[in-house]
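98 is the number of the first residue of the sequence shown in the working numbering; add one for each residue after it.
All residues carry an ideal CB built from backbone N, CA and C; glycine is no exception.
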Amino acid sequence: MIRRYGEAVKSGQRYIRRPGVYAILLDGDHILATHQAAPVPEFQLPGGGIDKGEQPLPALHREVFEETGWKIAVTRQLGVFRRFTFMPDYEIWAEKLCSVYLARPVLRLGPPSEAGHTAVWLPVRDAMTRLGNAGDRAMLARFLG
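If you want it as structure tokens, here you go:
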């Protein structure tokens, strides 16, 4: 069974399954996060949806680059969680199936190319409270043991 975080499922609401990939980008005692300005300003693990026909790892590399400007090296998958939420950018209610990987930042290639995103180094201790998504926080806690 895949653990659910966040909002409760709304009775009668139709959800579209949206698989995605996200990364805990560890460097020493800091993680590289993304700060998304809208619709609600929050810190997040970098990542996002897997496009139709795309494989998970190439999607992870693409999403992390778009949101942080960094090239990464993926170590391993840490786990999967799901959340049910409204996605205003797509105007859909989604069941997000979130696969989280451990990776390390290798090379900064430039600024984030995705509008509204800023790459931010957070001390791991701060990230445990500042990440805006309960699933992101749970995956970080799981990794930290």
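**Asked** Looking only at its own chain, which residues have a Cβ that is under 6 Å from the Cβ of R173, when we skip the five neighbours before and after it?
**Response** If you number the sequence shown from 1, residue 173 lands on position 76. So the list reads L199, once near-sequence residues are dropped.
- Sorted by chain position, which residues of the same chain lie with C-beta nearer than 7 Å to I169's C-beta, five sequence neighbours on each side aside? On the sequence shown, residue 169 is found 72 positions in, with the first residue counted as 1. For I169, where only same-chain residues beyond five positions count, the Cβ hits under 7 Å are A120, L122, H158, V161, A200, R201, P202 and V203.
* Is the beta carbon of G166 sitting closer than 8 Å to the one on P220? -> For this step, residue 166 is matched to residue 69 along the sequence shown. For this step, residue 220 is matched to residue 123 along the sequence shown. Against a cut-off of 8 Å, the Cβ pair of P220 and G166 comes out as no contact.
- Which two residues bound the contiguous alpha helix (DSSP H) that contains V221? Sequence index remark: in the sequence shown, residue 221 carries index 124 (1-based). From DSSP, the alpha helix (DSSP H) with V221 extends over V221 to R227.
On the DSSP letters alone, give me the boundaries of the alpha helix (DSSP H) that V161 sits inside.
The count along the sequence shown starts at 1 and reaches residue 161 at position 64. Unbroken alpha helix (DSSP H) run through V161: P153 to T165.
ask   = Are the beta-carbon atoms of Y112 and G232 separated by less than 8 Å?
value = As a first step, residue 112 is located in the sequence shown; it is residue number 15 there, counting from the start. As a first step, residue 232 is located in the sequence shown; it is residue number 135 there, counting from the start. No, the pair does not count as a contact, with Cβ atoms beyond the cut-off.
Notebook entry, point to check: Could you give the uninterrupted runs of the beta strand (DSSP E) lying entirely in the segment 114 to 199, keeping only those of 3 residues or more?
Noted result: 127 to 133, 139 to 141, 144 to 146 and 167 to 184
Discussion item. Tell me which residues share the same chain as H132 and place their Cβ nearer than 6 Å to its Cβ, disregarding the 5 neighbours each side in the sequence.
Written reply: Counted from its first residue, the sequence shown places residue 132 at position 35. Answer for H132: F140, T215 and V217, listed in chain order.
ask   = Is the Cβ-Cβ distance between P143 and A130 less than 8 Å?
value = On the sequence shown, residue 143 is found 46 positions in, with the first residue counted as 1. On the sequence shown, residue 130 is found 33 positions in, with the first residue counted as 1. In this structure, A130 lies closer than 8 Å to P143 by Cβ.
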